[in-house]
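Asks: This structure is in structure tokens; I'll ask about it shortly.
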Amino acid sequence: MSTARAVADDGGSGLVSFRRNTWGVLAGTVACVLGFSVGDWVLDPDVHAGLRAVTGLATATTIVACAVLLARRIRDEVPSAAWLATACCAALVAAAVPLALGSFGIWPLAPAATISVLVTFLPARRAWSALGAALVVLPAIGLVTAVAMGEPRVGHATWMPALMVLAFGPAMVGMLHAWQVAARLDDARRLAGELAVADERLRFAADLHDIQGHHLQVIALKSELAARLAEADPTRAAEQMREVQQLAGDALRETRALVQGYRRTTLDAEIANASRVLAAAGVNVRADVDADLAASLTHGPRSLLGLVVREATTNVLRHSRATRAAIVLVPDDAGARLVIDNDGAGGTWPGGGRAGTGDGTGLASLAERLDAVGGRLSWTSEDDRFVVTATVAG
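Numbering of the sequence shown is given in my numbering, commencing with residue 36 and proceeding in unit increments.
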């Protein structure tokens, strides 16, 4: 479960809130049920004050220990031996005193809650088996004690512990399982986005290998032949080196053509590709594109906007935990305005405006290229939202 913990610590896609809410609901349920039920018994003046104090302290300790253990469980951390011992001992005391006094509706609360928390650290099958064992053992304790004390409410003493286990156990195991599933799904979402980027890199690498591998192999052979002919037949050696020079030039031209083809983009293709890649990464994408406007743009502005879409998409995948994104292309006074908006930025982006690295890469480089053709590129960050806005002339 280390993956789930890593994802949880990253806090992606609302998982931080989900984790806190899950812990709050489970720990709060334990606190409320034990606090109100045992608290009413602790305030009963008919019970000896010393016994009430011991039971109240043991119950409060049980609540705290269960809350700590739940926090460690939801972070997929190994439970502390000290807190395990504290929870078990406190629950034992909180159960023993009411049981000895014949309070059959109070005594099973602390053991049932503690057992339900502890079994969540076990694999699913063993957890359900442990709950099944608790469904047998706790009612048996109540039954034997009631019979030994001559308690007429034997049925109450028997079914009350079972009811407490059924109330706490499935809720604990079920909600923590839901958290586990959510963490794994988020991990799969991020992995899908990374694989989409890696797939594109592999495609480019394969194309580059096909070009360079062929030319370099021929260049190596002809260079070796020229070296052998250098003394015996200088004319043929020179001819071979001229062919090597030509091959090197061909390789350079084909490599440049490959890189330019890789960089060359169309707006429609980039928006479609961005929607596909982001959706594969688990991002809910809304594309609102004026098709007539996109078609009316000249090649230069259209290609630049396509590059903006590509760069913004890459940034969403690399630098955010986005769950929603929007790609909007609408008319503008100057020509066209492209807006790409995503959540999950988490304040990791640089400040708003035209700030950039200045190293000729990313948004800063695109801003310079848009400036050169009379366009404009800006980006703003507010809370967890990041917005990229590009305008170009038609």
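We put the beta carbon where it would ideally sit given N, CA and C, even for glycine.
From what residue to what residue does the beta strand (DSSP E) around F421 run?
Replies: Note, F421: beta strand (DSSP E), 420-428.
Asks: Tell me, which residues are paired with G228 by DSSP?
Replies: G228 pairs with nothing; no bridge assigned.
Asks: Using 9 angstroms as the threshold, is the C-beta distance between L398 and V423 below it?
Replies: Taking 9 angstroms as the Cβ cut-off, L398 and V423 qualify as a contacting pair.
Asks: Per DSSP, which residues does P133 bridge with? Please list them.
Replies: According to DSSP, P133 bridges with nothing at all.
Asks: Can you pull the DSSP bridge partners for T155?
Replies: The partner list for T155 (beta bridge, DSSP) is empty, contrary to what the question assumes.
Asks: To the nearest angstrom, how far is it from the Cα of L78 to the Cα of S115?
Replies: Near 32 angstroms, if we compare the C-alpha coordinates of S115 and L78.
Asks: Out of L256, F53, R372, V427, which one is the CA nearest neighbour of Q215?
Replies: The residue with the shortest Cα to Cα distance from Q215 is F53.
Asks: Are the Cβ atoms of Q90 and A129 separated by less than 9 angstroms?
Replies: A small fix is needed here, since residue 90 is Thr in this sequence, not Gln. Cβ atoms of T90 and A129: closer than 9 angstroms.
Asks: Which of helix, strand or coil does DSSP assign to W142?
Replies: The answer is coil: DSSP assigns W142 none of H, G, I, E or B.
Asks: Quick check: the Cα distance between D221 and H354, rounded to an integer number of angstroms?
Replies: Cα to Cα, the separation comes out at about 15 angstroms.
Asks: On a CA-only basis, which of A309, A428, M210 is nearest P366? Give me that one, please.
Replies: With distances taken between Cα atoms, P366 lies closest to A428.
Asks: May I ask you to check if the CB of A162 is nearer than 8 angstroms to at least one heavy atom of the ligand SAM?
Replies: Among the ligands in the structure shown, none appear at all, so the ligand SAM cannot be discussed.
Asks: When we look at the beta-carbon of F71 and count the other beta-carbons within 10 Å, is it buried (16 or more) or exposed?
Replies: Per the 10 Å Cβ criterion, exposed.
Asks: State the DSSP-derived secondary structure class of A357, mapped to helix, strand or coil.
Replies: Residue state, collapsed to three classes: coil.
Asks: Return the residue from the list A84, P196, D419, A162 that minimises the CA-CA distance to V208.
Replies: Closest option to V208, Cα to Cα, is A162.
Asks: In the DSSP assignment, what are the bridge partners of N377?
Replies: Answer by DSSP bridge pairing, in chain order: A360, F421.
Asks: Would you check if there are 3 or more beta carbon pairs closer than 8 angstroms linking the region 98-111 to the region 58-74?
Replies: Contact holds: three or more Cβ-Cβ distances are below 8 angstroms.
Asks: Using the three-state DSSP reduction, which class does R372 fall into: helix, strand or coil?
Replies: In this structure, R372 counts as strand in the three-state DSSP scheme.
Asks: What's the call for T333, buried or exposed, on a 16-neighbour Cβ count within 10 Å?
Replies: By the 10 Å Cβ count, T333 comes out exposed.
Asks: Rounded to a whole number of angstroms, what is the C-alpha to C-alpha distance between A309 and L105?
Replies: About 40 angstroms.
Asks: Check whether the region 138-145 touches the region 169-187, counting contact only when three or more Cβ pairs, one atom from each stretch, lie closer than 8 angstroms.
Replies: The region 138-145, when compared against the region 169-187, does touch it at the 8 angstroms Cβ threshold.
Asks: Would you kindly check if the distance between the Cβ of L352 and the Cβ of E229 is under 9 angstroms?
Replies: Yes; because the gap between Cβ atoms is below 9 angstroms, this pair is in contact.
Asks: Leaving out five residues before and five after A304 in sequence, what residues of the same chain have Cβ atoms less than 8 angstroms from its Cβ?
Replies: Contacts found: G341.
Asks: Within the chosen definition, does the region 276-287 reach the region 318-334 through at least 3 CB pairs nearer than 8 angstroms?
Replies: Verdict: no, contact absent.
Asks: According to the neighbour-count rule (16 or more other Cβ atoms, all chains shown, within 10 Å of its Cβ), is L364 buried or exposed?
Replies: Classification for L364: buried.
Asks: Please report the straight-line C-alpha distance between I109 and A159, rounded to a whole angstrom.
Replies: Taking the straight line from one Cα to the other gives about 15 angstroms.
Asks: Going by other Cβ atoms of all chains shown within 10 Å of its Cβ, with 16 needed for buried, is V294 buried or exposed?
Replies: Result: exposed.
Asks: Might you give, ordered along the chain, the residues of its own chain that have their beta carbon closer than 6 angstroms to the beta carbon of A227, omitting 5 neighbours on each side?
Replies: Cβ within range, chain order: A315, A316.
Asks: On the DSSP letters alone, give me the boundaries of the beta strand (DSSP E) that A322 sits inside.
Replies: From DSSP, the beta strand (DSSP E) with A322 extends over 319-324.
Asks: Check for me: the alpha helix (DSSP H) holding R404 runs from which residue to which?
Replies: Looking at the DSSP string, the run of the alpha helix (DSSP H) that includes R404 is 397-407.
Asks: Would you check if the distance between the CB atom of R219 and the CB atom of V318 is smaller than 9 angstroms?
Replies: The answer is no: Cβ separation not under 9 angstroms.
Asks: Is V436 helix, strand or coil when you go by DSSP?
Replies: No statement about residue 436 is possible, as the shown extent of the chain runs from 36 to 429 and does not include it.
Asks: Assuming the contact rule is C-beta atoms closer than 8 angstroms, R372 and T426 should be a hit. Round their C-beta distance to whole Å, please.
Replies: About 5 angstroms; that satisfies the 8 angstroms criterion.
Asks: I'd like to know whether the C-beta atoms of A147 and P205 end up nearer to each other than 9 angstroms.
Replies: Their beta carbons are not under 9 angstroms apart, which means A147 does not touch P205 by this criterion.
Asks: According to DSSP, is L178 helix, strand or coil?
Replies: Three-state DSSP puts L178 in a helix.
Asks: Would V60 be called buried (16 or more neighbouring beta carbons within 10 Å of its own) or exposed?
Replies: Answer is exposed; the Cβ neighbour count stays below 16.
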